[in-house]
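**Student:** The sequence shown begins at 235 in my numbering and counts up by one. For each residue, glycine too, the CB sits at the ideal point set by N, CA and C. Here's a structure for you.
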Amino acid sequence: MKVYLSGEIHTDWREQIITGAEGLDVTFTAPVTDHAASDDCGVAILGGEDDKFWHDRKGAQINAIRTRKAIAEADVVVVRFGEQYKQWNAAFDAGYAAALGKSLIILHGADHAHALKEVDAAALAVASEPKQVVEILRYVLTGQLPA
């Protein structure tokens, strides 16, 4: 199973899921989580920009190549909304995955439930902890419930 891990980059939730899923037949992909590299990839590759708008635009477009490919190839897309920042890119990824008919798991705390109600409604599961995502993947692949 191919799983794309989208969203918040400031905590270790991806590592928790990847470690928890050891032994399962799962391949994980993710966006570039080095914030500076992600922001600056466009100008680093295509040349500098004086205007911050075009600097950001170049990076966003190059990152979109990676993101679109990974979401299109994924069987399951997990989108994490963190506590600290507004993650508009995560909401976009969730919508894109839903539009492609991907199996979507949303991961966020209770404080985001109201703000993300439409995103949650598009998901097949809404989890509050990375461990729950691992248990979903384990159940889907093996039929085993948590011990």
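Judging by CA-CA distance, which residue of 235, 315, 304 is the nearest neighbour of residue 243?
**Tutor:** Among 235, 315, 304, the Cα nearest to that of residue 243 belongs to 315.
**Student:** By Cβ distance below 8 Å, which residues in the same chain neighbour residue 324 in space, the five residues on each side in sequence not counted?
**Tutor:** Cβ within range, chain order: 240, 241, 242, 313, 314, 315.
**Student:** Return the residue from the list 264, 257, 293, 267 that minimises the CA-CA distance to residue 274.
**Tutor:** Of the listed residues, the one whose Cα sits closest to residue 274 is 293.
**Student:** Identify whether residue 316 lies in helix, strand or coil by the three-state DSSP scheme.
**Tutor:** Residue state, collapsed to three classes: coil.
**Student:** In the structure shown, what three-state DSSP assignment does residue 241 receive?
**Tutor:** Strand.
**Student:** My guess is that residue 331 and residue 305 are in contact by the Cβ rule of under 8 Å, so how many angstroms apart are they, rounded?
**Tutor:** Contact holds; Cβ gap of about 5 Å.
**Student:** How many angstroms separate the CA atom of residue 342 from the CA atom of residue 285?
**Tutor:** Cα-Cα distance, rounded: 34 Å.
**Student:** How should residue 383 be labelled, buried or exposed, when 16 other C-beta atoms within 10 angstroms of its C-beta is the threshold for buried?
**Tutor:** Coverage of the chain is limited to positions 235 through 381, which leaves residue 383 absent and any answer about it impossible.
**Student:** On the DSSP bridge list, what partners appear for residue 262?
**Tutor:** In DSSP, residue 262 forms a bridge with 237.
**Student:** When you compare the region 373-381 with the region 340-359, are there three or more beta-carbon pairs, one atom per stretch, that lie closer than 8 Å?
**Tutor:** With the cut-off at 8 Å, the region 373-381 and the region 340-359 do not touch.
**Student:** Report the three-state DSSP secondary structure of residue 272 (helix, strand or coil).
**Tutor:** Note: residue 272 maps to helix in three-state DSSP.
**Student:** Three-state secondary structure (DSSP) at residue 359?
**Tutor:** DSSP places residue 359 in strand when its eight states are reduced to three.
**Student:** Which of the three DSSP states, helix, strand or coil, is assigned to residue 350?
**Tutor:** In the structure shown, residue 350 sits in coil (DSSP, three-state: anything other than H, G, I, E or B).
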